Amino acid sequence: EEPYWLGRATEEQQRLIKQHHVWSKSIGYLLHPTLVASLPENARIADLGTGTGIWLKEMAEQSPSTYRFDGFDISDAQFLPKESLPSNVTLALGDFKKPIPEELRGQYDLITIRLIIIAMGKGVWETTLRNVLALLKPGGAIQWIEGDFMTSRGLRGASPSSTGGHYLTKAQRQMNGIFVSRFNYNFPDFVQLFGNAGLTGVHEEV
């Protein structure tokens, strides 16, 4: 069964690109400054659940040419055209919820993951994290960005006549119901999840 329920059409590719720009602008960076400073001169970076590959493209354009970027996704339907990517960016099929191929184990200085929670079911977080960790070199790092949509709320504007907030709140409740009933939606405590997996130097920003 297709775990990604938002579809694979061209419109979804454009939505993912817009979503990337909104999130990057809201957060203020593509890669956390402390991680940028820690990368070696020949860093190898993997983006899991890469979608279009837009994060890799923009990251490569502002990084040393000695870096190598690999993106993996369960579908290549939304990949940006190869000719639009920098020469040190490669996109390929890969499912990190499954055991990692031997040739990829211990190959990366940095793993990045963003907004994959909608494709995650109950009880898969621990296994997925173990697979992700298998990709890292000793001393490697992970940047994992998620949105906890279950706890978000739409609030009415200052004007008493504003009803947009009410509609947004109603839509959010309906979406939450879909998450729970269809996807066994569960948002983990990432600090605890990472700690239990043996990671050190865990830092959370909300």
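Just so you know, this note's numbering puts 119 at position 124 of the sequence shown, and the rest follows in order with no gaps. Quick reminder that beta carbons are idealized off the backbone N, C-alpha and C, glycines included. In this text the structure is predicted, and so the values were computed from the model without any measurement.
Worksheet entry | Helix, strand or coil at glutamine 138 according to DSSP, with G and I counted as helix | strand
Worksheet item: So the beta strand (DSSP E) valine 84 belongs to, where does it begin and stop?
Response: 84 to 88
Worksheet entry | Cα-Cα separation, tyrosine 62 to alanine 32 | 13 angstroms
Item to complete: On a CA-only basis, which of Asn37, Glu53, Ala38 is nearest leucine 202? Give me that one, please.
Response: This structure leaves residue 202 out entirely; the chain is present only between -4 and 201.
Discussion item. Counting beta carbon pairs with one atom in the stretch 101 to 120 and one in the stretch 37 to 53, are three or more of them shorter than 8 angstroms?
Written reply: yes
Fill in: Beta bridge counterpart(s) of aspartate 42 as assigned by DSSP
Gly66, Thr107
Worksheet item: In whole angstroms, what separates the C-alpha of leucine 34 from that of isoleucine 173?
Response: 40 angstroms
Discussion item. Pairs of beta-carbons, one from the stretch 182 to 194 and one from the stretch 114 to 131, closer than 8 angstroms: are there three or more?
Written reply: yes
Discussion item. Measuring only the C-alpha atoms, how far is asparagine 37 from phenylalanine 185?
Written reply: 29 angstroms
Worksheet item: What did DSSP end up calling valine 197 once you bin it into helix, strand or coil?
Response: coil
Worksheet item: For the alpha helix (DSSP H) that contains phenylalanine 91, what are its first and last residues?
Response: Where phenylalanine 91 is concerned, there is no enclosing alpha helix (DSSP H), given that its DSSP letter is neither H nor E.
Worksheet item: Does the distance from the CB of phenylalanine 64 to the CB of glycine 89 come in under 8 angstroms?
Response: no
Worksheet item: When the Cβ atoms of the stretch 93 to 100 are set against those of the stretch 129 to 145, are three or more pairs found closer than 8 angstroms?
Response: yes
Worksheet item: So, is valine 84 buried or exposed, given that buried needs 16 or more other C-beta atoms within 10 angstroms?
Response: buried
Fill in: Contact under 8 angstroms by Cβ, leucine 11 with glycine 46
yes
Practice prompt. Under 7 angstroms Cβ to Cβ from threonine 195, same chain only, skipping five residues before and after it: list those, please.
Written response: none
Worksheet entry | Cβ distance (whole Å) where leucine 105 is taken to contact leucine 30 below 8 angstroms | 6 angstroms
Worksheet item: Which value, in whole angstroms, describes the spacing of the CA atoms of serine 60 and threonine 164?
Response: 46 angstroms
Practice prompt. On the DSSP bridge assignment, give the partners of leucine 131 in chain order.
Written response: Tyr103
Discussion item. Taking the alpha carbon of glutamine 73 as the reference point, which residue from Gln9, His16, Lys20, Met170 has its own alpha carbon closest?
Written reply: Gln9
Item to complete: Work out the CA separation of phenylalanine 182 and histidine 16 for me, nearest whole Å.
Response: 23 angstroms
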